[in-house]
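The structure appears below as structure tokens.
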Amino acid sequence: MLRLILTRIFLGCLTLFAVTILIFAATEILPGDVASAILGQGATPETLAAFRIELGLNRPAYVRYFEWLSNALQGDLGTALTNKREVLATITPRLINTLFLAGYAAVIAVPIAIFLGIVAAINEGKWIDRAANIVSLGAISVPEFFIAYILIFVFATNLGWFPSLSTVYSDMGFWQKIHVVALPSITLTMLVTAHMLRMTRASVLAIMSQPYIEMAFLKGLPRNQVILHHALPNAAAPIISVIALNLAYLIVGVVVIEVVFVYPGVGQYMVDGVSKRDLPVIQACALVFGGAFVLLNTVADILIIMVNPLLRNSR
Amino acid sequence: MTNNNSFRNPTLSAEIGMVILAVFIICAIFAPFIAPFGEAESVGKTWLGPSSKFWLGTDNIGRDMLSRVIYGARMTLGVAAICTCLSFLIGVTMGLLAAVAGKIVDQVLSRFVDLMLSIPILVFALMILSMFGSSLLTLIITIGVLDSFRVFRLARSIAVNVVVTEFVEVARLRGEGLWWIMRHEVLPNSLPPMIAELGLRFCFNFLFVASLSFLGLGIQPPFADWGGMVRESGRAISFGIPAPLWPALAIGLTTISVNMIVDWILSINARPSGASAEM
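Here is the structure:
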């Protein structure tokens, strides 16, 4: 088992390496000149040439890639082109904010979704299953900002319970933060719960159609016991991958939500960077998102190896 | 989609979905005849509430919201539809090629797609659009290509099962070329299970275009599009003006109705294995 886990970690590192190449290629090697993209149409050839040298674009791509990578590994993400500030210094507090928002949503969403998903699977076809199906399909189908704006309209504008902008400061107390970030977190929770609930339900149902479950029923065991003792232990692996997939989805979901609520996180930083064509900022944010994505997938795979009884006992 | 006997009558929810979608499509095609005002015309004061003249009120520079929602159907639905066609064209071609052309091509294409899917698609699109600028063509190509990776996976998994059948073997023995086999044997037998996927990919691309426009990187002004309209009027909601809710509602209604139609199609054709609606 240890060997399997080590292989998976190695593969994760390999993917991460590939992701860095991909980010670099997408931003600097693809046709289309970075310098003219940043300076815009009006730039004269002389300023373009000067700017290219400032960016170091006159050197070959692989040299620049390894320089960028080794700097990034040492924690130097470069300086933002627009305000000349260190990207790392800006991105760290924002990353903490984003993790706070994502964690906040995950803490609420994961237990609710797993519980409701299992309840829906147990009561397949009954009213609670149908209700969960319709509500979750609705939440998946509408864009994130629709849910966000409806929540703002009801709870911020009309009821006044929560602020409509989630501005957080570093000296804010924990509970004050929880209150200010409530609306974006509820929006994310709704989205992730809907996805997770549907996937949990599907994976429990897939297990319920296995022969050994039928055998347990034929032995005369009550339905609850079959689900608790026979289905759930085997559903653990798919449910873990469901959670990981949705946490990964959360990472992408935060981008739009952060923009709606003007929440100072990495997503908003990236969108800002993109609209200002601030190359180092875009690369750093993409690195953070891509890294988190790979990390979550790797952790999920390792957990799945660990909960799988067949793999656990071998070697 | 042919109308043969295997097609059961649409369910109620599918009928509702078709009606809503038909209304939006008619709005998109005949926008200039339906909309009471022009797309970019300032016709009243800013931020007027709903009235008999302006059914949904006016926006931040006094344009009629209803007219813009009607015109917005053009851009938003049109771009998503073109993106979906492009993504299917690339994804299905590559997927069939991977299934037919042998192990090496399959491995190369599959690993490449795995790699491309290792970065969140929104982050990927943001990177590319920031470097190329968001012209309409760049937007369509970016979304179409990024989405084609998902289509590739499904097309490949379906085609792999078709390639091992006897009639493909016979065609190979007859000495037909790869392209001929893909076009005449594998494609017709892979398409039926992919009809439902077409609807789901459309929903995904549609929401994706809307999200990008909402972030200011999708369809650019002066064209009206639903995501961009939400962006323009978003802040107004703090002052109790429901303006951003209308275009957002139009987006939601479209995806829900496509989903309802897809559910009905799925109940006719059982979903192939390996086809999961991942977001």
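From first to last, the protein sequence lines are chains H and V.
The opening position of the first sequence corresponds to residue 8 in our numbering, with each subsequent residue numbered one higher.
The opening position of the second sequence corresponds to residue 7 in our numbering, with each subsequent residue numbered one higher.
Ideal Cβ positions, reconstructed from N, Cα and C, are used throughout, including at glycine.
DSSP places R92/H in the coil class of the three-state scheme, outside both helix and strand. Listed along chain V are V236, G240, I243, P250, L251, A254, each with a C-beta nearer than 8 angstroms to that of Y156/H. C20/H counts as exposed, since fewer than 16 other beta carbons sit within 10 angstroms of its beta carbon. Rounded to whole angstroms, I149/V and G258/V show a C-alpha spacing of 20 angstroms. Straight-line measurement puts the Cα of G108/V at about 19 angstroms from the Cα of N195/V. Between I264/H and T194/H, the C-beta gap is smaller than 7 angstroms, which places the two residues in contact.
Contact fails between the stretch 301-312 of chain H and the stretch 159-171 of chain V, because fewer than three Cβ pairs, one in each stretch, are under 8 angstroms apart. Under DSSP, D136/H shares a beta bridge with no residue. Buried is the label assigned to Y111/H, since at least 16 other Cβ atoms lie within 10 Å of its Cβ. The stretch 85-95 of chain V makes contact with the stretch 138-155 of chain V, as at least three CB pairs between them are under 8 angstroms.
When 7 angstroms is used as the limit between beta carbons, A216/V is near these residues of chain H: P150, in chain order. About 6 angstroms separates the beta carbon of A127/H from that of I135/H, a gap short enough to meet the 8 angstroms contact definition. Of all alpha-carbon atoms in C91/V, I127/V, S57/V, V111/V, the one lying nearest the alpha-carbon of F208/V is that of C91/V. In this structure, V281/H lies away from L218/V, with their beta-carbon atoms at least 7 angstroms apart.
Comparing C-alpha distances from A68/H to each of N78/H, S77/H, E35/H, T27/H shows the shortest one belongs to E35/H.
Bridge partners of D70/V according to DSSP: T64/V. Under the rule that a run must span 4 or more residues, the alpha helix (DSSP H) segments found entirely inside the stretch 68-147 of chain V read 71-106, 109-122, 127-138. Under the three-state reduction of DSSP, T200/H is assigned to helix. The Cβ neighbour count for Q183/H, taken over all protein chains shown within 10 Å, is under 16; the residue is labelled exposed. Against chain V, a Cβ distance below 8 angstroms from L212/H picks out nothing, because the smallest value is about 14 angstroms. The DSSP-derived three-state label of T22/H is helix. Linking V106/V to H237/H through their CA atoms gives a straight-line distance of about 41 angstroms.
At a Cβ-Cβ threshold of 7 angstroms, I119/H and T200/H count as neighbours. If you draw a straight line from the Cα of T14/H to the Cα of V261/H, it comes to about 31 angstroms.
Contact check for V187/H against S173/H passes: the beta carbons are separated by less than 7 angstroms. Chain order gives the chain V residues near S282/H as S136, L221, G222, L223, where near means a beta carbon separation below 9 angstroms. Chain V places no beta carbon closer than 7 angstroms to that of G19/H, leaving this residue out of the contacts.
Pairing V233/H with T207/H, the inter-Cα distance amounts to about 17 angstroms.
For I257/V, the C-beta contacts it makes with chain H under 8 angstroms involve V149, P150, F153, in order along the chain.
The Cβ atoms of L108/H and V273/H do not sit closer than 7 angstroms to each other. Leaving aside the five residues that flank W270/V on each side, the residues in its chain whose CB is nearer than 6 angstroms to its CB run, in chain order, P16, T17, A20. With respect to the 7 angstroms criterion, S154/V and G97/V are classified as neighbours on the basis of their beta carbons.
T174/H sits in coil when the DSSP states are folded into three classes, being neither helix nor strand. Considering only beta carbons, the part of the stretch 256-276 of chain H lying closer than 8 angstroms to chain V consists of Y256, I258, V259, V262, V263, V266, V267, in chain order.
Closer than 7 angstroms to the CB of V26/H there is at least one CB belonging to chain V. Chain V places no beta carbon closer than 7 angstroms to that of F162/H, leaving this residue out of the contacts.
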